[in-house]
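Numbering (the UniProt record's numbering), first residue to last: 1 to 124.
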């Protein structure tokens with residue numbers, strides 16, 4: 001999925017690991033993703049959290065999912081290097097699921113954390 005999406009390719013997301021135990025997404029920070037403060041734009045954090053949660057759900061349910069809500073908390077700025085995102089399933093339902101994801105840098109500093117509610121789109 002991620003390899004076919006032009007937006008994800010443009011941002012530079014890389015799927016490092018996709019297994020039952022873990023979905024790991026990587027982003028190499030590029031200067032064109034920085035805001036006027038020369039830190040990574042908050043929308044990129046949100047996209048990364050949404051992406052890793054969506055990939056986790058798609059692999060679990062084997063059908064499309066769509067975000068209904070995404071709550072993001074920002075903890076530290078990032079402007080160089082690599083970021084990594086992991087998702088964790090909090091609640092699994094037939095029509096909806098809730099996940100939590102976090103973004104850390106290479107030094108394991110917590111950069112952002114988000115909780116997402118997703119609709120499971122069966123028979124799509």
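Cβ coordinates follow ideal geometry from the N, Cα and C atoms, glycine included.
This one's a predicted model, so the numbers in the text were calculated from it and none came from an experiment.
What's the gap between the Cα of residue i and the Cα of residue j?
i	j	result
residue 126	residue 120	Outside the modelled stretch of the chain, which goes from 1 to 124, sits residue 126, for which no answer is possible.
residue 123	residue 37	44 angstroms
residue 116	residue 103	14 angstroms
residue 109	residue 12	21 angstroms
residue 86	residue 20	12 angstroms
residue 94	residue 62	13 angstroms
residue 18	residue 35	30 angstroms
residue 99	residue 92	9 angstroms
residue 10	residue 41	14 angstroms
residue 14	residue 6	12 angstroms
If you check the beta carbons only, do residue i and residue j fall under 8 angstroms apart?
i	j	result
residue 23	residue 46	no
residue 51	residue 8	yes
residue 64	residue 39	no
residue 25	residue 16	yes
residue 73	residue 112	yes
residue 29	residue 79	yes
How should residue i be labelled, buried or exposed, when 16 other C-beta atoms within 10 angstroms of its C-beta is the threshold for buried?
i	result
residue 32	exposed
residue 118	buried
residue 96	exposed
residue 53	buried
residue 84	buried
residue 43	exposed
residue 75	exposed
residue 81	exposed
residue 89	exposed
residue 49	buried
residue 114	buried
Since residue i sits in a beta bridge, which residues does DSSP pair it with?
i	result
residue 67	118
residue 58	BP columns for residue 58 are empty, so no partner.
residue 92	97
residue 103	85, 112
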